[in-house]
Amino acid sequence: MKLGLIGTGSTTVDDWQAAVDRLAHVTIVDADSADAVLVDGIDAANQAAAAGQHVLVHPGSLASPVDAGQLVSPERIVVMLAATGRFQPSIQEVQAVNANGALGPLGLLRIHRWMPGGRPIGMADLADQLDLANWLFGTLPTEVYAVRRGESGDYVHVHLGFPGDGMALVDVATTLPDGEDYYSLSLIGGDGSVYADDHHNMHLLYAGGQPEAVHGGEGVAGLVNLLGEFTAAVDGGRAAVPGPADALAALKVAEAAERSIETGEPVRLGETGDGYELG
Amino acid sequence: MNSVEPGGVFRCAVVSVVKHAYVPNGVEVHPRFDLVVVCDDADQPDWVHERNQLYADEHGIPYVRGIEEAIAEHDVQVAVVSSEAERHCDLVVRCAALGLHIVQDKPMSNRLSECDRVVEAVAEHDVRFMMWNRNFLPALNEAKRVIEEGGIGRPYALHVDFYFAKDSGPPKGSRGPDDPPINWLERQIEAHSDGSDGGVGVDPMGELKIEGIYPLAYIQHLVGSRVERVFARTASHFHQANLDNDVDDLATVTLEMENGVIATLCIGRIGAASHPDIGEIKLHVLGATGGLVISEARPEVSVYYRNQPPQEFRHRRMGIDLDYQLMEDFARAIDAGSGGVLDAVTSREIAATVQAAVDSGKSGRVETVA
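Protein chains in written order, with the working numbering: chain A, 129 to 407; chain B, 16 to 385.
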């Protein structure tokens, strides 16, 4: 596959290159001569798809359910979300254990996503994590309650209820000082649990005074996994996962969270399953 | 009751000890507190008397069937109450009326009206009250120090995961179609052997009521704000006893506090298979200028060896000075005539928060804390 990098989202070109270097059948080329492209935003995605290129679109560039609903997937063209979170090795392991039934019926998901920067938390930021919740539970939440804090809205906490016993707490912050992100995900099932968090995976640097934590990262393995799914879908002539429908679902939940924040009350999935309502 | 000079030793009555006895055992760790008698009401059932007698025998102190008589005869200044949950507050009120300072096991009560009686009695008789808690575990002390030194700026969000990786009788779904529902009290009495009888009593209680005081006390201890609104999801996800008695064994709680602080709680008795030790207990705190991630279990030592019994903890907590620090704090409160960690008013506020969470879990709505 010849992959063109039109937009790289928050991931650097060097990281995409490093990932491609690990895949014998993928090369990075100029976008004009590519048979697949990585893009930011609806317009770029739809233009590429219309031109017959397979599309990897950054979910962070889809700001609302309206955006996601406008993503076009022409026949025989693969449109996939570059949802890097799903493909991180640690998260893949979580889902593998979940999918093979070892955890039993899911009960509780907890995610902390903390970043520096101070920008307001938008729907795309929330959808990035809410997509993981939808994916792990395999369905949309039936209840959404959320609160926002910070003068610039730089902190959002979302409380989800899933059909049956399922529940999730997700918080996203941009209030860390300049430096590294923090991520934590734990999943509790009826028969077992999984814990994937940065706290556990820290090394220590002693250079005087308090030791410094050195994050044991997962490198570009997540991008390699993502590109593996994308190329497999293209080669197999099948839809890739996650696709536009997953983006739409996650953004609907994010929109419900925004509505809950505005009203101070939980919102619930309507009987048709198409949208969320107060009450 | 004779008063004790500052620095003197307090004579303590163990007023019912039907659970695993971590509270009276913790009290006697401090050299200023002596256990001198175990007592309970004479009309209690045989299993209560048997446990009280056993504890008295193990400690070489008398067991008296009659609380008021025991206190009068043994010159007691402190009552250590560790009965069934529904009796906690009534025993506390009676002991406070006799002028005793109180150390009480959790939960404060299964009814908020009973907690109100304790607040009134403690104030009326000017005695000190402490709910047993874990606020002085080494990791909590570190968290408090970092926050008080301004390490993360003003905290605005605090999240606690408080899972106990223990079983609690048969798993959910194991009851046959002709089997009767599990009797809560019988199950709790049976659970005494492995120390998982925290919910002992006639009235069934979920994990929120049994254990919620601990993580909610952490939140109160670290940020000091009062909870105003609560949204919760609750489930009987693991254990047949909880399902049969319509009480939670898994819950998520969102707390909106005064001053704009947000706190959340994940709590559950999630089964022994879910963690190699007691359970994952963590705190995540965000402040205006940073974040803090704390593992409640640390410091710990890892121990593995051939033929290690499966029930033996692999990771063992070290440097735990909780019992001494709690009782030192309580002794200081008695000496000073005020203060102390987790007093009656704060404990009542936490009980009200728990009740709001239980109510929200059933109503699906945001509940205001009473």
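Ideal placement from N, C-alpha and C gives every residue a C-beta, glycine not left out.
Cα-Cα separation, Glu279/A to Ile134/A: Cα to Cα, Glu279/A sits roughly 34 angstroms from Ile134/A.
Is Leu406/A buried or exposed, if buried means 16 or more other CB atoms sit within 10 Å of its CB? So Leu406/A counts as exposed.
Alpha-carbon to alpha-carbon, Ala172/A and Gly137/A: Approximately 13 angstroms, taken between the alpha carbons.
Proximity winner among Asp158/A, Leu354/A, Ala211/A, Asp326/A, relative to Val342/A (alpha-carbon distances): Minimum Cα distance to Val342/A is reached at Asp326/A.
Within 7 angstroms (strictly less), CB to CB, does Val10/B reach chain A? This structure cannot speak to residue 10/B, because chain B is shown only from 16 to 385.
Would Tyr273/A count as contacting chain B if we go by Cβ distances under 7 angstroms? At least one CB atom of chain B sits nearer than 7 angstroms to the CB of Tyr273/A.
Which residues in chain A have a C-beta closer than 8 angstroms to the C-beta of Leu265/B? List them in chain order. Simply Gly235, Leu236, Asp293, Met295, Ile316.
Check the DSSP bridge columns for Met145/B and list the partner residues they point to. According to DSSP, Met145/B shares a beta bridge with Val118/B.
Run the CB neighbour count on Leu333/A, radius 10 Å, all protein chains shown included, and call it buried at 16 or more, exposed below. Exposed is the call here.
Minimum length 4: unbroken alpha helix (DSSP H) runs contained in the segment 231-313 of chain B: Taking only runs of at least 4 residues, the alpha helix (DSSP H) segments lying wholly in the segment 231-313 of chain B are 255-259.
Residues of the segment 366-380 of chain B with a CB closer than 9 angstroms to any CB of chain E: list them in chain order, please. Any reference to chain E falls outside this structure, whose protein chains are A and B.
Going by other Cβ atoms of all chains shown within 10 Å of its Cβ, with 16 needed for buried, is Trp147/B buried or exposed? When all chains shown are included, Trp147/B counts as buried.
Looking at chain A, is there any beta carbon in it that lies within less than 7 angstroms of the beta carbon of Leu298/B? Taking Cβ atoms only, chain A never reaches closer than 7 angstroms to Leu298/B, which makes this a no.
Partners in chain A for Phe144/B, counting only beta-carbon separations shorter than 7 angstroms: Think of a sphere of 7 angstroms around the beta carbon of Phe144/B: no beta carbon from chain A falls inside it, the nearest being about 32 angstroms out.
Out of Leu313/A, Leu166/A, Ile219/A, which has the shortest C-alpha to C-alpha gap to Gln181/A? Nearest of Leu313/A, Leu166/A, Ile219/A to Gln181/A, Cα basis: Leu166/A.
Cβ-based burial, Asn228/A [other Cβ within 10 Å; buried from 16]: Exposed, since its Cβ has fewer than 16 Cβ neighbours within 10 Å.
Helix or strand or just coil, what does DSSP make of Arg383/A? First, the residue type needs correcting, since residue 383/A is Glu and not Arg in the sequence shown. For Glu383/A, the secondary structure class from DSSP, reduced to helix, strand or coil, is helix.
With DSSP run on the structure shown, which of helix, strand or coil describes Phe345/B? The three-state secondary structure of Phe345/B, taken from DSSP, is helix.
Could you name each continuous beta strand (DSSP E) segment of 3 residues or more that falls completely within the segment 149-213 of chain B, going from the start of the chain to the end? The DSSP assignment places 170-179 as complete runs of the beta strand (DSSP E) inside the segment 149-213 of chain B, in order along the chain (cut-off: 3 residues).
Output the boundary residues of the alpha helix (DSSP H) element that contains Ile82/B. Run containing Ile82/B: 82-89, per the alpha helix (DSSP H) assignment.
Cβ-based neighbour list, Gly302/B, same chain, cut-off 8 angstroms, excluding 5 preceding and 5 following: Here the set comprises Ile162, Gly166, Ile167, Gly168, Arg169, Pro170, Tyr171.
Only counting runs of 4 or more residues, tell me where the alpha helix (DSSP H) segments fall wholly within the segment 22-97 of chain B, in order along the chain. Runs found: 37-42, 61-74, 82-89.
Flag Gly356/A as yes if its beta-carbon sits less than 7 angstroms from any beta-carbon of chain B, otherwise no. Judged by the 7 angstroms Cβ criterion, Gly356/A is not in contact with chain B.
Check whether the Cβ atoms of Met333/B and Glu315/B sit closer than 7 angstroms, and answer yes or no. It is a contact, given that the beta carbons lie within the stated cut-off.
Per-residue contacts from Ser289/B into chain A (C-beta, under 7 angstroms): Here the neighbours are Ile316, Gly320, Ser321.
Mapping the DSSP letters down to three states, classify Ile365/B as helix, strand or coil. The answer is helix: DSSP assigns Ile365/B an H, G or I state.
Since Trp144/A sits in a beta bridge, which residues does DSSP pair it with? None, per the DSSP bridge assignment.
Would you check if the distance between the CB atom of Val157/A and the CB atom of Val183/A is smaller than 7 angstroms? No, they are not a contact pair.
Option in Ile76/B, His299/B, Ile349/B with minimal Cα separation from Lys159/B: For the residues Ile76/B, His299/B, Ile349/B, the minimum Cα distance to Lys159/B belongs to His299/B.
Would you mind working out which of Val262/B, Val360/B, Arg284/B, Gln68/B sits nearest Val133/B, comparing C-alpha positions? If we check each option's Cα against that of Val133/B, Val360/B comes out closest.
What does DSSP give as the partner residue(s) for Asp299/A in the beta ladder? Paired residues: His240/A, His285/A.
When Val395/A, Pro394/A, Glu383/A are compared against Asp195/A, the one with the closest alpha-carbon: Just measuring C-alpha positions, the residue of Val395/A, Pro394/A, Glu383/A sitting nearest Asp195/A is Glu383/A.
Find the residues of chain A that neighbour His116/B, judging by a C-beta separation of less than 9 angstroms, and give them in chain order. Here the premise fails: no neighbours, minimum Cβ distance about 38 angstroms.
Can you name the residues that DSSP bridges to Lys130/A? According to DSSP, Lys130/A shares a beta bridge with Thr155/A.
With 7 angstroms set as the bound, which would you pick, yes or no: does the beta-carbon of Phe246/B sit closer than that to a beta-carbon of chain A? For Phe246/B, the answer is yes, since a Cβ of chain A falls inside 7 angstroms of its Cβ.
Taking a contact to mean a Cβ-Cβ separation below 7 angstroms, would you say Leu268/A touches Ala385/A in this structure? Taking 7 angstroms as the Cβ cut-off, Leu268/A and Ala385/A do not qualify as a contacting pair.
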